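**Q**
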Amino acid sequence: MNLTRKIGIIIKKIRNAVDNLLKLKEQQFYYNEIDKNKGDPYLMWKTFKKLINPKTFNNNFHMGIQFDDDGVTILCKNELDIAENFNKYFIQSIKEIVDSIDDHEYKASNKNYTDSF
């Protein structure tokens, strides 16, 4: 094997390693952004819009988005599946929030509110 071919192989391996590292870092960045903003719907949607920008959709989704559905990891690569899984996520989040509200606290706060009139 000549020197030029060896150098070409080395460059290709380095390029592939850099590409894989960039993909991993991009994925970690969006996971962190989503996790950081999950308490603020405005910032969460702003993050989603950056992530699912139609102009860059194909570039950003070479790997897809993973969703955890009752302990099963689902990899979504097309826009419809991603939208449906985000919808499920938000519906489930609302149910969990509602379920976490203590009924007694809710009734007590409503009673105090109505008694003040």
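Quick note: the sequence shown uses the UniProt record's numbering, first residue 1, plus one each step.
Just so it is clear, CB atoms sit at the ideal spot from N, CA and C, and this is done for glycine as well.
In this text the structure is predicted, and so the values were computed from the model without any measurement.
1) Quick check on the burial criterion: 16 or more other C-beta atoms within 10 angstroms. Buried or exposed for Ile10?
2) Work out the CA separation of Lys36 and Met44 for me, nearest whole Å.
3) Find out if the Cβ-Cβ distance for the pair Asn87, Cys76 is shorter than 9 angstroms.
4) Identify whether Asp40 lies in helix, strand or coil by the three-state DSSP scheme.
5) In angstroms with no decimal places, state the Cα-to-Cα distance between Tyr31 and Arg5.
6) Could you tell me the alpha carbon to alpha carbon distance between Val98 and Pro41, rounded to whole angstroms?
7) Is it true that the CB of Thr47 sits closer than 9 angstroms to the CB of Glu33?
8) Just verifying my parser: in three-state terms, what is the DSSP assignment at Asn2?
9) Do Glu96 and Ile52 count as a contact pair if the criterion is CB distance below 9 angstroms?
10) Please state whether DSSP places Asn87 in a helix, a strand or coil.
**A** In short:
1) exposed
2) Inter-residue distance for Met44 and Lys36 is about 9 angstroms (C-alpha atoms, whole angstroms).
3) No; because the gap between Cβ atoms is not below 9 angstroms, this pair is not in contact.
4) coil
5) 39 angstroms
6) 16 angstroms
7) yes
8) coil
9) No; because the gap between Cβ atoms is not below 9 angstroms, this pair is not in contact.
10) In this structure, Asn87 counts as helix in the three-state DSSP scheme.
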